[in-house]
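Working notes for the structure below.
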Amino acid sequence: MRLTVLAAALSIAAPAAALAGPASNAVKFFYVPAVKFEADAKYRDRFTEPVTKLFDLNDQVQKAKPDEVPCIDFAPGLDAQDFDQKTVAKTLKLAEAVDGDSAEVTATFSLFPEGDDSKREMVWSLKRVDGKWKIADITSKTSGWTLSALECLAGQAPE
């Protein structure tokens, strides 16, 4: 009887454990216990190119024209500006696929307790650099954009 209970408990716990890992932990950092703004300079060491180039341009625009909206005016990891932290934390699910020094972590969650339009699916592309997982890009499967492909035109003179 005890062996059956133990086997049942392990079969339930094993799939959840298989989804977690070091790459997922690098992504989870941006969602819980509190959502963090990826473009914040204090998190820059968690990223690699190509998104660091966009973040640098965003910083330049903010310094040059502090009264204007910068290039990144939303939380890229949420694909939104507004959210309910408790709902994000409660609904967050991470799935990790590692291939050598590259990984993809898919984050699915809801922004609010109600509404189909609050569901999000984000794919984080990571690279292992000096033994640590760093984020190379973020793609919104929900809205069809990739962070590195966003253009930062605010404050730039027309050609």
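In terms of this note's numbering, the sequence shown opens at residue 1 and continues consecutively. All C-beta atoms in this analysis are idealised placements derived from N, C-alpha and C, irrespective of residue type, glycine included.
- Residue state for D137 is assigned as strand, using DSSP reduced to three classes.
- In terms of Cβ geometry, S24 and E96 form a close pair [threshold 8 Å].
- Comparing alpha-carbon positions, the option among P113, I72, P76 and S102 lying closest to T87 turns out to be P113.
- Counting along the chain, D59 sits inside the alpha helix (DSSP H) bounded by residues V51 to A64.
- For T87, the enclosing alpha helix (DSSP H) has its first and last residue at Q85 to T91.
- A direct Cα-Cα distance of roughly 7 Å separates N58 from C152.
- By the neighbour-count criterion, in which a residue is buried when 16 or more other Cβ atoms sit within 10 angstroms of its Cβ, S118 is buried.
- Remark: C-beta atoms of P66 and I138 do not approach each other more closely than 8 Å.
- As the crow flies, the alpha-carbon of T142 is around 26 Å from that of R128.
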